[in-house]
Each structure stands twice: as structure tokens, then as C-alpha cells.
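Comments concern the structure below.
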Amino acid sequence: MALPHDSNETSYLLPPNNEDWGGQTIPDFVYGQKDLTAEGIQWPRNAPGIPDALPQSPFDAALCSAWKQRVELGLFRYRLRELQTQILPGAVGFVAQLNVERGVQRRPPQTIKSVRQAFDPVQFNFNKIRPGEVLFRLHREPDLPGTLLQEDILVVINVSPLEWGHISEI
Numbered sequence: 002m003a004l005p006h007d008s009n010e011t012s013y014l015l016p017p018n019n020e021d022w023g024g025q026t027i028p029d030f031v032y033g034q035k036d037l038t039a040e041g042i043q044w045p046r047n048a049p050g051i052p053d054a055l056p057q058s059p060f061d062a063a064l065c066s067a068w069k070q071r072v073e074l075g076l077f078r079y080r081l082r083e084l085q086t087q088i089l090p091g092a093v094g095f096v097a098q099l100n101v102e103r104g105v106q107r108r109p110p111q112t113i114k115s116v117r118q119a120f121d122p123v124q125f126n127f128n129k130i131r132p133g134e135v136l137f138r139l140h141r142e143p144d145l146p147g148t149l150l151q152e153d154i155l156v157v158i159n160v161s162p163l164e165w166g167h168i169s170e171i
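Just add 1 to wherever you are in the sequence shown, counting from 1, and you've got the working numbering.
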């Protein structure tokens, strides 16, 4: 979904040269309800789908195109390959996946003994996110009824993804 650089539409893609990322402003994804859902989507319960197989909302399209580019740029700790997937029996239909690369390549989780634990700048914190890991900033349409003033919500890749499109919001 790469857009020409002279397009008036917002591009969520990074410039090809990573030296240009630092001066890049974070694009805004301004959304309303219509941007978050696509009409008639029924998620399959019996088979995991490929992201491109289902119709996408504008949010899904922006997220997937930006996420795919970050994969191509090598910003993740590993490449997601075909994951062994099984839908577990039961009413809920939980999905179990084997992601060996995540177990081997992700940073070791830190031990949290208390929610009052002192901040440790050496451990992971969101200040360590690199510029290319931020996909966009979420903003609600300003004219929506009941819209309150909101702080910035950044959508960032998870560099050790569980699945295609795995993100975090900060």
C-alpha cells in the first residue's frame, strides 16, 4: 500500500534510507467507527487466516502495510515464519501456536516483584523504542459525540512478535 510521495493521502511507511527516519514526523491515523471495522467480517473459527485473505478496514490496511514494511526493513528480532497452529477443542476456540524463534530470540523477561518496583533504566522501558518502530499516532475524529481530549496514543511494533501484526500502544 505504498503511496507516491506527492500523494495527499497519509503514508505510514518510512523512507527507504534509515538515516532519514530521525527527522520523520509520526503520522496521525485519525479514525471514526467506520475506520475500525469492515462490513460483514466474520472471523473464521476453524482455521487461522492470512491477514490479506479477509477484507480490511482502513485501520487494518494502515497497520498491515506499515507492519509489513518494518518486517522488510529488518526491525524485528526474527522473521515470523509459518507457525504451527492448532485450535483447541472447546466452546471458546482458543488457538495454540508454536513460535520457537520468539522463545530463542526475544529479550529475557524482567522479574517484576512489585508494582512499586523502582525504575531501572537498564531494563526495558518505552523510552528505548527506536524511531522506525513507531507506526503511527491514533487520534479520534474531533467531531464525534462524547469525544474527550486525549493524550497521544502511539502504535508501535512488538519487535518479538507473537503473530503477524503484533503491536503495542503507548
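All C-beta atoms in this analysis are idealised placements derived from N, C-alpha and C, irrespective of residue type, glycine included.
If you're wondering where the values come from, they're calculated on a predicted model, not measured in any experiment.
Cβ neighbours of residue i in the same chain (closer than 7 Å, five flanking residues each side left out)
{"i": "residue 159", "result": "167, 168, 169"}
{"i": "residue 36", "result": "58, 59, 60"}
For residue i, three-class secondary structure by DSSP
{"i": "residue 36", "result": "helix"}
{"i": "residue 170", "result": "strand"}
{"i": "residue 141", "result": "strand"}
{"i": "residue 157", "result": "strand"}
{"i": "residue 127", "result": "helix"}
{"i": "residue 119", "result": "coil"}
{"i": "residue 67", "result": "helix"}
{"i": "residue 13", "result": "coil"}
{"i": "residue 101", "result": "helix"}
{"i": "residue 151", "result": "coil"}
{"i": "residue 72", "result": "helix"}
C-alpha distance - residue i paired with residue j, whole-angstrom precision
{"i": "residue 57", "j": "residue 119", "result": "42 Å"}
{"i": "residue 111", "j": "residue 157", "result": "20 Å"}
{"i": "residue 154", "j": "residue 63", "result": "15 Å"}
{"i": "residue 134", "j": "residue 163", "result": "16 Å"}
is_contact[residue i, chain C] using C-beta, thresh 8 Å
{"i": "residue 118", "result": "Checking the listed chains, one finds no chain C in this structure; it contains a single protein chain."}
Check: residue i C-beta below 7 Å from any heavy atom of the ligand GTP
{"i": "residue 19", "result": "This structure lacks the ligand GTP; in fact it carries no ligand of any kind."}
Residues sharing a beta bridge with residue i, DSSP
{"i": "residue 61", "result": "Partner(s): none; residue 61 has no beta bridge."}
{"i": "residue 21", "result": "Bridge partners of residue 21: none, in fact."}
{"i": "residue 88", "result": "96"}
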